[in-house]
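To keep things clear, I will list the structure first and then write my remarks on it.
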Amino acid sequence: MIDAIRSLGRWGLSVFERLGRGHLFLFDTLKGVPELFLRFSLVTQQLFSVGVLSVFLILISGLFVGMVLGLQGYNTLVDFGAEESLGVMVSLSLVRELGPVVCALLFAGRAGSALTAEIGLMKSTEQLSGMEMMAVDPMRRVIAPRFLAGFISMPLLAALFSAVGIFGGFLVGHGLLGVDDGAFWSQMQVKTDWYDDVLNGVIKSIVFGFVVTWIALFEGYDATPTSEGVGRATTRTVVHSAFAILGLDFMLTALMFGEE
Amino acid sequence: MPLIKIRDLHFYRGNRAIFEGVNIDIYQGKITAIMGPSGTGKTTLLRLIGGQLRPDRGTIEVDGQNVHKLSHSDLYALRKRMGMLFQSGALLTDLTVFDNVAFPLREHTKLPESMIHDLVLMKLQSVGLRNARDLMPSELSGGMARRVALARAVTLDPMMIMYDEPFTGQDPISMGTLVNLIHRMNDAMDLTSVIVSHDVAETAEIADYIYLLSAGKVIEKGSPVQLKRSSSQWVQQFMQGLPDGPVPFHYPGDTLEDDLFSQKVST
Ligand SMILES: Nc1ncnc2c1ncn2[C@@H]1O[C@H](COP(=O)(O)OP(=O)(O)OP(=O)(O)O)[C@@H](O)[C@H]1O
Ligand SMILES: [Mg+2]
Chain X
329 MIDAIRSLGR WGLSVFERLG RGHLFLFDTL KGVPELFLRF SLVTQQLFSV GVLSVFLILI
389 SGLFVGMVLG LQGYNTLVDF GAEESLGVMV SLSLVRELGP VVCALLFAGR AGSALTAEIG
449 LMKSTEQLSG MEMMAVDPMR RVIAPRFLAG FISMPLLAAL FSAVGIFGGF LVGHGLLGVD
509 DGAFWSQMQV KTDWYDDVLN GVIKSIVFGF VVTWIALFEG YDATPTSEGV GRATTRTVVH
569 SAFAILGLDF MLTALMFGEE
Chain Z
32 MPLIKIRDLH FYRGNRAIFE GVNIDIYQGK ITAIMGPSGT GKTTLLRLIG GQLRPDRGTI
92 EVDGQNVHKL SHSDLYALRK RMGMLFQSGA LLTDLTVFDN VAFPLREHTK LPESMIHDLV
152 LMKLQSVGLR NARDLMPSEL SGGMARRVAL ARAVTLDPMM IMYDEPFTGQ DPISMGTLVN
212 LIHRMNDAMD LTSVIVSHDV AETAEIADYI YLLSAGKVIE KGSPVQLKRS SSQWVQQFMQ
272 GLPDGPVPFH YPGDTLEDDL FSQKVST
């Protein structure tokens, strides 16, 4: 019994210790960001590996999610004779919710886990220590550019995801199910508010990009420097990111759309 | 006035003492060897000197500066003048051999690319790997990787270099070349060298001064000749690599008898 309480206490302490380390890590990372604008090529390289390499996955997934929305939405709306509103339904679901959330989950699985594995391996093969001894601060040289790249990529990927998704919804709605294309687009344009819907969705994706990249980089940097430790850190990145995304999504949604 | 001055160094890993009251002086322009059985903390010592680990007690001064009292930027400025060769090489795996050696130059200087090119090739030439410049680190053998790391460690022309096991994994020819190279660089560039090594013969050949570490203490120090003549059994055993003697081969803890006996009781 005492043992159980004791291990609970130890677990609690270690959780808070990690949280503290995570925030210090974030602080150090952010300190390195301003000077990146003097050496933007470092970020460009990372934009490629974090962002561009995720584009294919995002496009395909976005297309399918949009097509499924088109199908499901049509089946529901047609009962009320409201299938003309399919465009609104698809675009609102994507722009407000599914775009940022699903894209962030995919981003965590694709780019986040890769970042964790890369940083963890650099740590376990002493590359980070080696840089430190060459008087190159890995926080500035390695971590900060990846952070900025993740932060920039995620909203863009989410926007792509939503755009392709809407197109997928249109393909199914108009091409397969025969919804009038004029109604599809015009209702969508009227009912999707630039400020309330699009901008709020963009804010969500920015927050998710920030958090996922932070988690991924911290897990890699904090990983036990063995192959097993890096493996576990990669898993943790995906799991913690998923929790963070879904939890934050609820909070943000409550804040943004709560009082309507 | 020594370049590196270590006083009353204490360092613990958990409850285990790695260093308990170590004093070491490393003089400018000399090759100082740190030797000791595996696991005594030689790599740890180099990391303490480089400011990557903090001592629990005692001080380490490099060039008159207390390494662990420096601000972040002063520490990094000091590190630019310290080269370190890691036991594993620690090459950046996403860069070619050439880019690895060029890395410190590109990070710390504004030299034109043509000059970097020449400098890097000269450094690679000195370790015999000029023609391996386009290989990736994963395509190198362990010994080659360490030679590339050596070339990289000296690109900024530091005032001192710390070598962690430079001779491990070298064939007799490159070993001889390396021993020579370390010796030559030390004299030609007025470097101060710290060598951590198990290779008693090679190290004794070029070292001006040797510290023998064991169980957290300096067991013996002196010039190679003095150590070879030492009357201590411990020193003799280590220098000659004899299997029997006072140097413990086992990681400290329970004796074998205790372990075997306690297992019988529990089953
Ligand atoms: N990260 C760590 N955490 C806990 N203990 C460690 C860690 N790194 C090293 N140690 C312990 O510190 C001791 C000294 O390690 P160190 O790597 O300095 O030995 P070494 O003298 O360089 O050995 P070798 O000659 O085999 O390279 C070892 O006994 C090891 O168990
Ligand atoms: Mg070692």
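So the protein lines, in turn, are chains X and Z. Converting from the first sequence to our numbering requires adding 328 to each position, the first position being numbered 1. Converting from the second sequence to our numbering requires adding 31 to each position, the first position being numbered 1. All C-beta atoms, glycine included, are put in the ideal place defined by N, C-alpha and C.
Taking a C-beta cut-off of 9 Å against chain X, the contacting residues of the region 104 to 137 of chain Z are 106, 107, 108, 109, 110, 111, 112, 113, 114, 115, 117, 118, 119, 120, 121, 122, 123, 124, 125, 134, 135, listed in chain order. Per DSSP, residue 543 of chain X is one residue of the alpha helix (DSSP H) stretching across 528 to 550.
Using a cutoff of 7 Å, the CB of residue 74 of chain Z counts as near ligand 2, since one of the ligand's heavy atoms is closer than that.
Contact note: residue 500 of chain X does not reach chain Z at a C-beta cutoff of 7 Å; the least C-beta distance is about 42 Å.
Taken through DSSP and simplified to helix, strand or coil, residue 446 of chain X comes out as helix.
A check of alpha carbon separations from residue 465 of chain X across X/359, X/491, X/527 identifies X/359 as the nearest. Collapsing the DSSP output to three states places residue 525 of chain X in a helix.
8 Å or more divides the Cβ of residue 519 of chain X from the Cβ of residue 418 of chain X.
Residue-level contact by beta carbon holds for residue 464 of chain X and chain Z, with a gap shorter than 8 Å. About 7 Å separates the beta carbon of residue 42 of chain Z from that of residue 75 of chain Z, a gap short enough to meet the 8 Å contact definition. Distance from the CA of residue 530 of chain X to the CA of residue 382 of chain X, rounded to the nearest whole angstrom, comes to 18 Å.
At a Cβ-Cβ threshold of 8 Å, residue 437 of chain X and residue 551 of chain X do not count as neighbours. The region 577 to 585 of chain X makes contact with the region 424 to 433 of chain X: 3 or more CB pairs, one atom from each, lie closer than 8 Å.
When C-beta atoms of the region 463 to 479 of chain X are compared with those of the region 348 to 363 of chain X, three or more pairs fall below 8 Å, so the two segments count as touching. Around residue 83 of chain Z, the beta-carbon contacts reaching into chain X at under 8 Å are 457, 460, 461. The bridge partners DSSP lists for residue 250 of chain Z come to none. Collapsing the DSSP output to three states places residue 41 of chain Z in a strand. About 5 Å separates the CB atoms of residue 544 of chain X and residue 444 of chain X; that is less than 8 Å, so the two are in contact.
Here residue 195 of chain Z is buried, its C-beta having at least 16 other C-beta atoms within 10 Å. For residue 47 of chain Z, the enclosing beta strand (DSSP E) covers residues 47 to 57. For residue 193 of chain Z, the enclosing beta strand (DSSP E) starts and ends at 191 to 195. Residue 398 of chain X is classed as buried because its beta carbon has at least 16 other beta carbons within 10 Å across all chains shown. Under the three-state reduction of DSSP, residue 478 of chain X is assigned to helix.
The beta-carbon of residue 99 of chain Z is placed no less than 8 Å from the nearest beta-carbon of chain X. A direct Cα-to-Cα measurement between residue 215 of chain Z and residue 62 of chain Z gives close to 11 Å.
Contact residues of the region 439 to 452 of chain X toward chain Z are absent (C-beta to C-beta distance below 7 Å). Looking at Z/122, Z/96, Z/192, Z/230, the one whose alpha-carbon comes closest to that of residue 171 of chain Z is Z/122.
Residue-level contact check: residue 454 of chain X touches chain Z, since one or more beta carbons of chain Z fall below 8 Å from its beta carbon. Within 7 Å of the C-beta of residue 118 of chain Z there is at least one heavy atom belonging to ligand 2. For residue 281 of chain Z, none of the residues of chain X pass the 7 Å Cβ criterion, the least Cβ distance being about 23 Å. Secondary structure note for residue 107 of chain Z: its alpha helix (DSSP H) is the uninterrupted segment 103 to 111. Not a single C-beta of chain X is nearer than 8 Å to the C-beta of residue 41 of chain Z. DSSP, read as helix, strand or coil, puts residue 220 of chain Z in coil. Its Cα nearest to that of residue 402 of chain X, the residue X/501 stands out among X/548, X/433, X/501, X/333. The C-beta separation of residue 439 of chain X from residue 478 of chain X comes to about 7 Å, placing the pair in contact by the 8 Å criterion.
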